[in-house]
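The working numbering puts the first residue of the sequence shown at 221, with every later residue one more than the last. What follows is a short report on a single structure.
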Amino acid sequence: MESTSKITTHERAQWSSDWQFILTCIGYAVGLGNLWRFPSLAYEHGGGAFLIPYLICSFIVGLPLLHLEMSLGQFSQSGTAVVYGRIRPLFHGIGWSMSAMSLIVSVYYNVILAWVLIYLWTIVTGRSGEWASCRNDYNTIYCQSTVEDSLCMEEFAQKSQNVLAFYFNKSCHSANDITTQNLKTETFNKLSAVSPAEEFFENYVLEKTLKLDQFGGINLKVALALAIAWTLTGLVLVKGVKMMGKISYFTATIPYVIIVILFIRGITLDGASIGLDYYIFHPDFSVILDPVTWRAAATQVCYSLSVGFGGILSLSSYNPRTHNCYRDAFIISMADGFMSIFGGTAVFSVLGFMSKQLNAKIQTVVQSGTGLAFIAYPEAMSRMPLPWLWSFLFFLMLFVLGISSQFGLAEVMITAIYDQFPAVRPYRGWLAVGVCGSLFLVGLIMCTRSGIFFFNIFNDYSASFSLLLMVILEIILIIYIYGLPNFLDDLRSMFGYPRTWLGRIFGPTGYYIQGIWCILAPLQITVLFIVVLFTQISHNLTYGKDKRLYEYPGWAIGLGWLISIIPISLLPIMAVYNLLKFRQKRKNWRELFKLQPKWPSYEKRNVMEKPFCHILSKLGPTTSSRVEPINGDNNRINNSKIKEIKEGIQNKIYSVHF
221 MESTSKITTH
231 ERAQWSSDWQ
241 FILTCIGYAV
251 GLGNLWRFPS
261 LAYEHGGGAF
271 LIPYLICSFI
281 VGLPLLHLEM
291 SLGQFSQSGT
301 AVVYGRIRPL
311 FHGIGWSMSA
321 MSLIVSVYYN
331 VILAWVLIYL
341 WTIVTGRSGE
351 WASCRNDYNT
361 IYCQSTVEDS
371 LCMEEFAQKS
381 QNVLAFYFNK
391 SCHSANDITT
401 QNLKTETFNK
411 LSAVSPAEEF
421 FENYVLEKTL
431 KLDQFGGINL
441 KVALALAIAW
451 TLTGLVLVKG
461 VKMMGKISYF
471 TATIPYVIIV
481 ILFIRGITLD
491 GASIGLDYYI
501 FHPDFSVILD
511 PVTWRAAATQ
521 VCYSLSVGFG
531 GILSLSSYNP
541 RTHNCYRDAF
551 IISMADGFMS
561 IFGGTAVFSV
571 LGFMSKQLNA
581 KIQTVVQSGT
591 GLAFIAYPEA
601 MSRMPLPWLW
611 SFLFFLMLFV
621 LGISSQFGLA
631 EVMITAIYDQ
641 FPAVRPYRGW
651 LAVGVCGSLF
661 LVGLIMCTRS
671 GIFFFNIFND
681 YSASFSLLLM
691 VILEIILIIY
701 IYGLPNFLDD
711 LRSMFGYPRT
721 WLGRIFGPTG
731 YYIQGIWCIL
741 APLQITVLFI
751 VVLFTQISHN
761 LTYGKDKRLY
771 EYPGWAIGLG
781 WLISIIPISL
791 LPIMAVYNLL
801 KFRQKRKNWR
811 ELFKLQPKWP
821 SYEKRNVMEK
831 PFCHILSKLG
841 PTTSSRVEPI
851 NGDNNRINNS
861 KIKEIKEGIQ
871 NKIYSVHF
């Protein structure tokens, strides 16, 4: 009978090197949210003071949960679709729920990349000045820009007309033109003025309609860009982890090089200190006592590290069992935090510059999400010297950050199908093509001229409380039902026993990790789940602001809840599926609560499983007197085998040293 370290469910590809795995995980975890969500959160919650709860939450929630998923994938050598079902078939649906969430997120994530590609194409074709001008065909009477006002002043000065001038409705006017001034005032009282960058995004890129139900047909340039984004994604995923590992040398490092360049340029801009004062240098430490700040920090950590999506688990399943994934969890957490903090500094220095250029308060230029990436930041860069260069670097960084995360999101479902259905394993390439092609077709709904409204529905509802619920169930299953001692025993078969007191406290199976897994993490994630759920219930879905505010109809909110519930519905569906499958095979329903033979340490657990942290212990395999091996006497482990296993554990050469 094979030892635990040699048991594998099937032969699967492995990473070519440790660094390929680390860089791929960094590329997956570090995404667009690090640049367009973290800075606004820091601004709203005390500036630099927000870093304190953020870093604390990173070490008491982010790092331990990242280590949990990486260890689970590496030990089981399987993806989300099967790993939870092998521990307890009743919880088989957790993995499929994670896969479904990743699938839904990947649909709209590539739409963002499609928009980025349009910006990049505009830059390389020499038209980057369009989002700084109100003179394009798609601009409306509401387009207003201080740059245009300055150009009008220069135009009148060249004509030796020593008068003030202003821009309105695609032409320059003298300040003495009272009639036009009154018309301008009356126009902007009816509907607020917008920047040329905003009209470029909404009128040119999106070709946006006014309402959700005004579909307006397919926006061909977004659809074409989306097809390119999915083609690039598919070309990498067809080759699997080998190609993902090789390309990670570029996708995981280039964003850091570019953000350093943008940081250096940003802090040298006139007015950068205005943004940095709000972001770092004048922290409000009173927010540390505000529970809302801690909720924001913990939520950002969970989403930023992609905990609960199944991507980290799936990528880790291609590691050899002896790999030191605990070290990798530290590296990935630090890389993610660095991009958030350092990237926020680069963003706010540029926003400070824009604030001074507009002679406006920083509060009026700070935005988050798509507003920051596609409106505020491009407008700021258009006012710098060499605007095309900075715009190109910024959007190139966004694309690389997004595509590397997209690889991991789509890979979750591919690995799930690959593990669940052995018949498709020889056809992985076609499987990747099928998944990417199907998701492209679903994404076409966001390529309509009302696509931005559908995008916001997916963005707000796809991975909110449902993601936190999956994390809670994952912790309950691994730590309380399977049992913390049993999971620690599995980890020690990979990492060995710590040799020093430092390792016993902070090592991969140390007291620090145990305490957080058992108490702090489930408590904090449960509180977050309740808060996010009630926030979602009271959430009013809107688009725009002020007089341009659009409230979504009731059916759209219903669609959002359907998107949230679809992944959760897979929990009971898979439980019933396994129950029916067991009945068909004439197995007792109690098997739903038992460890399955394909779990790598199944044989050891039958005789050595410890009851600490167990639920349903009478139904689960906690002692050899309660559980018999599935295949009867032929699979019994005799006393000599038990002794051999115990001696093997005691004499194991340690792979982790502290």
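By construction, the Cβ of each residue, glycine as well, lies at the ideal position given by its N, Cα and C atoms. Predicted, not measured: the structure shown is a model, and the values here were computed from it.
Asked, Found
"Beta-carbon proximity list for A472, same chain, < 6 angstroms, skipping 5 on both sides", "L243, I246 and G247"
"Neighbourhood of A173 by C-beta distance below 7 angstroms, restricted to the same chain and skipping five residues each side", "The structure shown does not extend to residue 173, since the chain is modelled only from 221 through 878, so no value can be given for it."
"The region 410 to 423 contacting the region 352 to 368, beta-carbon criterion three pairs below 8 angstroms", "yes"
"Local Cβ density within 10 Å of P841, reported as buried at 16 or more and exposed below that", "Any reading at P841 is ruled out, since the residue's pLDDT is 40, under 50, leaving its predicted position unreliable."
"Span of the alpha helix (DSSP H), counted from its first residue to its last, around I287", "For the record, residue 287 in the displayed sequence is His; it is not Ile. Residues L283 to S296."
"Cβ neighbours of V748 in the same chain (closer than 8 angstroms, five flanking residues each side left out)", "A small correction: the amino acid at residue 748 is Leu; Val does not occupy that position in the sequence shown. Excluding sequence neighbours, L748 sits near R515, A518, T519, C522 and L688."
"Rounded Cβ spacing between I314 and L815 (contact assumed at less than 8 angstroms)", "In fact, because the Cβ distance is near 15 angstroms, the residues do not count as touching under 8 angstroms."
"Range of the contiguous alpha helix (DSSP H) that encloses C522", "P511 to S524"
"Rounded separation between A249 and Q804 - CA only", "41 angstroms"
"Cα-Cα separation, A262 to P273", "10 angstroms"
"Residues that F388 bridges to, as DSSP identifies them", "S391"
"Contact between the region 530 to 546 and the region 289 to 299 (3+ Cβ pairs under 8 angstroms)", "yes"
"Cβ pair count under 8 angstroms reaching 3, the region 555 to 569 against the region 495 to 503", "yes"
"Span of the alpha helix (DSSP H), counted from its first residue to its last, around W781", "G774 to Q804"
"Cβ-based neighbour list, G465, same chain, cut-off 8 angstroms, excluding 5 preceding and 5 following", "W235, S236, S237, Q240, F241, L243 and T244"
"DSSP three-state assignment for N330, whether helix, strand or coil", "helix"
"Rounded C-alpha distance that separates K863 from R712", "Because the pLDDT at K863 is just 48, under 50, the model does not fix this residue reliably, and the value given afterwards should be weighed accordingly. For K863 and R712, the distance between alpha carbons rounds to 17 angstroms."
"Residue environment, P511, which counts as buried when at least 16 other CB atoms sit within 10 Å", "exposed"
"CB contact flag (L592, W351, <8 angstroms)", "no"
"Within-8 angstroms CB hit, S575 to chain B", "This model lacks chain B altogether, as it is built from one protein chain only."
"Contact check, R669 vs T429, beta carbons under 8 angstroms", "yes"
"Segment limits, alpha helix (DSSP H) that includes W721", "W721 to F726"
"Per-residue burial, L722 [other beta carbons within 10 Å of its own, 16 or more giving buried]", "exposed"
"Exposed unless 16 or more other CB atoms sit within 10 angstroms - verdict on G880", "Since the first residue of the chain shown is 221 and the last is 878, residue 880 is not available in this structure."
"Proximity of I478 and M601 at Cβ, strictly below 8 angstroms", "no"
"Backbone secondary structure at V752 - three-state DSSP", "helix"
"For V414, the residue or residues it bridges with in DSSP", "C363"
"Nearest-angstrom Cα separation, counted from L697 out to G703", "8 angstroms"
"Burial state of H834, where buried means 16 or more other Cβ atoms lie within 10 Å", "Because H834 carries a pLDDT of 45, less than 50, the predicted location of this residue cannot be relied on, and the following value inherits that uncertainty. So H834 counts as buried."
"Nonlocal neighbours in the same chain, by C-beta distance under 6 angstroms from F204, ignoring five residues either side", "There is simply no residue 204 to check, as the chain begins at 221 and stops at 878 in what is shown."
"Contiguous alpha helix (DSSP H) assignments of at least 4 residues, all confined to the region 607 to 675", "607 to 640 and 648 to 663"
"Alpha carbon of V461 to alpha carbon of Y538, nearest angstrom", "8 angstroms"
"Own chain, CB closer than 8 angstroms to I781, minus 5 neighbours either side, in chain order", "According to the sequence shown, residue 781 is Trp rather than Ile. Closer than 8 angstroms at Cβ, skipping near neighbours: Y681."
"Presumed contact (8 angstroms Cβ cut-off) between S319 and A636, rounded CB distance", "4 angstroms"
"The alpha helix (DSSP H) enclosing Q583, as first and last residue numbers", "From DSSP, Q583 is part of no alpha helix (DSSP H); its letter is neither H nor E."
"Cut-off 7 angstroms between Cβ atoms - residues of its own chain near A443, not counting five sequence neighbours on either side", "L664 and C667"
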